[in-house]
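Trainee:
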Amino acid sequence: MSDLATNINVNTNESQQLKRCAGPLLLWGLGVGYVISGDYFGWNFGIAAGGFWGLFIATILMAIMYITMCLTIAELATAIPFAGGAYAFGRSAMGPWGGYLAGIGVVLEYVLAPAVIVNGIVGYVNILIPGVPDWLWVIGFYGIFLAMNTLGAKTTLNFELAVTSIAIIGLAIFAVVGFSHFDMSRVWEIAPTAGNTEFLPMGWLGVWAAIPYAIWFFLAIEGLPLVSEECKNPAKDMPKGLITSIATLVITAFLVLFLAVGLGGAEAMGKSDSPLPEALALALGQAHWSVKGLALIGLAGLIASFNGIIFGYGRAIFALSRAGYLPRGLSKVHPRFRTPHVALLVGGAIGIVGAILGNGDVLIQIAVFGAVISYIMMMLSAIVLRKRQPNMERPYKVPFYPVTPYAALILAMIALFAGFFYAPKVILWTALVYAIFVAYFAFYSRHHLVAKAPEEEFAILKKAEEELG
1 MSDLATNINV
11 NTNESQQLKR
21 CAGPLLLWGL
31 GVGYVISGDY
41 FGWNFGIAAG
51 GFWGLFIATI
61 LMAIMYITMC
71 LTIAELATAI
81 PFAGGAYAFG
91 RSAMGPWGGY
101 LAGIGVVLEY
111 VLAPAVIVNG
121 IVGYVNILIP
131 GVPDWLWVIG
141 FYGIFLAMNT
151 LGAKTTLNFE
161 LAVTSIAIIG
171 LAIFAVVGFS
181 HFDMSRVWEI
191 APTAGNTEFL
201 PMGWLGVWAA
211 IPYAIWFFLA
221 IEGLPLVSEE
231 CKNPAKDMPK
241 GLITSIATLV
251 ITAFLVLFLA
261 VGLGGAEAMG
271 KSDSPLPEAL
281 ALALGQAHWS
291 VKGLALIGLA
301 GLIASFNGII
311 FGYGRAIFAL
321 SRAGYLPRGL
331 SKVHPRFRTP
341 HVALLVGGAI
351 GIVGAILGNG
361 DVLIQIAVFG
371 AVISYIMMML
381 SAIVLRKRQP
391 NMERPYKVPF
401 YPVTPYAALI
411 LAMIALFAGF
421 FYAPKVILWT
431 ALVYAIFVAY
441 FAFYSRHHLV
451 AKAPEEEFAI
461 LKKAEEELG
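Residue numbers (full-length UniProt numbering): 1 to 469.
#1: May I have the straight-line CA-CA distance separating residue 1 from residue 155, to the nearest angstrom?
#2: Hey, is the segment 293-307 in contact with the segment 333-349, meaning 3+ C-beta pairs nearer than 8 Å?
#3: For the segment 53-70 against the segment 285-303, are there 3 or more C-beta pairs whose distance is under 8 Å?
#4: Just to confirm the assignment, what range does the alpha helix (DSSP H) spanning residue 149 have?
#5: So, at 7 Å on beta carbons, what are the nonlocal neighbours of residue 138 in its own chain, with the 5 sequence-adjacent residues on each side left out?
#6: Taking only the alpha-carbon atoms, compute the straight-line gap between residue 100 and residue 287 and give it to the nearest angstrom.
#7: Could you tell me which of 426, 379, 402 sits nearest to residue 76, measuring between CA atoms?
#8: Would you give the residue range spanned by the alpha helix (DSSP H) that residue 41 belongs to?
#9: So residue 261 is in the alpha helix (DSSP H); what residue range does that whole segment cover?
#10: Counting along the chain, where does the alpha helix (DSSP H) carrying residue 168 start and finish?
#11: If you scan the segment 323-410 from start to end, which runs of the alpha helix (DSSP H) of 4 or more residues do you find wholly inside it?
#12: Mind checking which residues open and close the alpha helix (DSSP H) that includes residue 26?
#13: Just how far apart, CA to CA, sit residue 175 and residue 271?
#14: Three or more C-beta pairs closer than 8 Å, one from the segment 159-175 and one from the segment 21-38: is that the case here?
#15: Kindly give me the distance between the Cβ atoms of residue 472 and residue 217, rounded to whole angstroms, as I take these residues to be in contact under 8 Å.
#16: Exposed or buried, residue 184, counting other C-beta atoms within 10 Å across all chains shown (16 or more means buried)?
#17: Using beta-carbon positions only, say whether residue 207 and residue 371 come within less than 9 Å of one another.
#18: Can the beta-carbon of residue 90 be found closer than 9 Å to that of residue 381?
#19: Which residue from 446, 426, 44, 368 puts its Cα closest to that of residue 219?
#20: Using a Cβ-Cβ cut-off of 7 Å (strictly less than) and excluding sequence neighbours within five positions of residue 247, which residues of its own chain qualify?
#21: Please determine, among 375, 301, 150, 440, the residue with the shortest C-alpha to C-alpha distance to residue 414.
#22: Please classify residue 398: is it buried, with 16 or more other beta-carbons within 10 angstroms of its beta-carbon, or exposed?
#23: At the level of alpha carbons, what is the spacing between residue 450 and residue 442?
#24: Within this structure, are the beta carbons of residue 54 and residue 201 separated by less than 9 Å?
#25: Kindly indicate which residue of 102, 170, 81, 49 has the alpha-carbon position closest to the one of residue 434.
#26: The alpha helix (DSSP H) that contains residue 206, what's its start and end?
#27: Run the CB neighbour count on residue 111, radius 10 Å, all protein chains shown included, and call it buried at 16 or more, exposed below.
#28: According to the neighbour-count rule (16 or more other Cβ atoms, all chains shown, within 10 Å of its Cβ), is residue 444 buried or exposed?
#29: Report the rounded CA-to-CA distance for residue 73 versus residue 383, giving the unit in angstroms.
#30: Can you grab the Cα-Cα spacing for the pair residue 255 / residue 140, in whole Å?
#31: With distances taken between CB atoms, is the gap from residue 426 to residue 362 smaller than 9 Å?
#32: What is the C-beta distance between residue 316 and residue 226, in whole angstroms, given that I count them as a contact (C-beta under 8 Å)?
#33: If you reduce the DSSP assignment to three classes, tell me which class residue 449 lands in.
Structure representation (structure tokens):
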């Protein structure tokens with residue numbers, strides 16, 4: 001960490017400091033855990049949208065976007081090692097408005113995504129314990145994991161590492177058991193629409209439509225810098241955590257994509273609510289031991305993402321509140337456990353209401369839209385900071401600059417418009433949500449920013465250094 005960042009952390013109010021406990025292994029567990037549920041469900045609906053090869057091409061594009069983005073974020077996270085993540089990067093590069101727009105994108109993504117995931121968890125649990133009302137399960141799961149996250153970052157991260165490891169073992173079992181039954185001919189089952197081919201049954205527009213589902217393989221990995229202030233050594237550990245996490249996720253994404261469709265067939269996988277167990281059931285029979293085993297392990301994958309994203313939104317809300325962008329009371333940390341318990345509880349309350357009363361499709365559309373907005377803002381931040389502050393201390397530098405951040409930026413813009421194409425109502429809903437947040441910032445919070453908040457002080461001092469230099 002730079003001397004400037006160190007001095008800022010020392011000067012921060014003790015009631016707004018987090019505890020450092022995370023090394024590379026815990027970061028890997030969190031980074032993969034954020035995302036791993038995407039291997040177990042969600043991605044497969046892209047087959048119905050674009051056919052197998054349409055989804056395959058979309059997954060290649062999104063894998064390139066996330067790889068280049070993670071490499072770029074690694075540079076930003078070591079140069080600006082604060083809990084704000086996208087907000088801290090945008091604030092340093094583009095001022096308060098840039099920081100706020102990037103930060104709100106992450107908050108929307110991370111607060112709403114668990115509301116969708118918890119309903120998936122409830123669906124799995126209802127199979128094992130039927131008869132309990134869904135709303136009671138929702139409140140119960142939120143209560144358990146909010147309590148765990150309040151008890152301490154190390155407790156949460158150790159649990160996350162455990163359930164993530166179980167989910168990865170599940171994917172390994174899926175690969176080993178299913179490999180000998182793989183049938184490449186099954187990927188061609190989607191009948192082409194008029195004027196199109198078996199290779200792209202919905203044409204090139206199908207690739208476009210499949211992009212939001214390809215994002216499911218990687219969505220939320222970008223939140224790893226939210227734990228920067230809890231890293232033992234952000235300059236070394238954060239790049240390791242980001243790079244090992246995205247490498248793991250790229251491997252599992254293509255493994256799952258090919259094996260699931262090669263076992264269960266494109267037609268069945270395109271509409272399945274549990275593609276991996278169903279793929280094994282279709283290939284090996286419903287009674288095979290691996291089918292129920294993988295269903296149980298899939299629950300671990302959902303829990304890993306649910307827990308990890310709750311951890312992330314607590315840090316995102318905490319950082320924006322500490323700097324005055326959101327109400328200041330949200331940035332208080334627990335006096336004993338040094339965790340942002342108020343931010344966790346408020347985000348959890350919103351998530352519970354969304355999970356019980358909200359439309360899951362609309363919630364995830366807003367979440368994905370917010371995520372892509374934050375991607376664009378982070379890549380712009382990296383480019384702007386390289387131009388305006390070329391001598392800024394960067395313990396890790398993104399390789400192949402400027403190609404790397406520009407590649408991620410262009411692909412993020414494509415992903416943004418792909419969401420519009422496939423779900424146009426997301427424009428209205430997201431515009432409404434963003435308008436409310438923007439109005440709050442424009443008329444109130446931008447006039448009450450806290451200069452001594454780490455991200456704010458960092459940006460102010462860097463600007464002063466630039467002017468003096």
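A virtual CB, placed ideally from N, CA and C, is assigned to each residue, including glycine.
Quantities reported herein were computed from a predicted structural model and do not represent experimental measurements.
Mentor: Considering the structure as presented:
#1: Legend: pLDDT at residue 1 = 42, less than 50; position of this residue unreliable, value from coordinates given subsequently. One C-alpha to the other measures close to 25 Å.
#2: no
#3: no
#4: 134-150
#5: 118, 122, 352, 355, 356
#6: 52 Å
#7: 379
#8: That residue, residue 41, is in no alpha helix (DSSP H); it is neither H nor E in DSSP.
#9: 234-264
#10: 153-179
#11: 341-357, 360-388
#12: 24-35
#13: 21 Å
#14: yes
#15: The question about residue 472 has no answer, for the chain in this structure spans 1 to 469.
#16: exposed
#17: no
#18: yes
#19: 368
#20: none
#21: 375
#22: buried
#23: 16 Å
#24: yes
#25: 102
#26: 203-215
#27: buried
#28: exposed
#29: 11 Å
#30: 34 Å
#31: yes
#32: 6 Å
#33: coil
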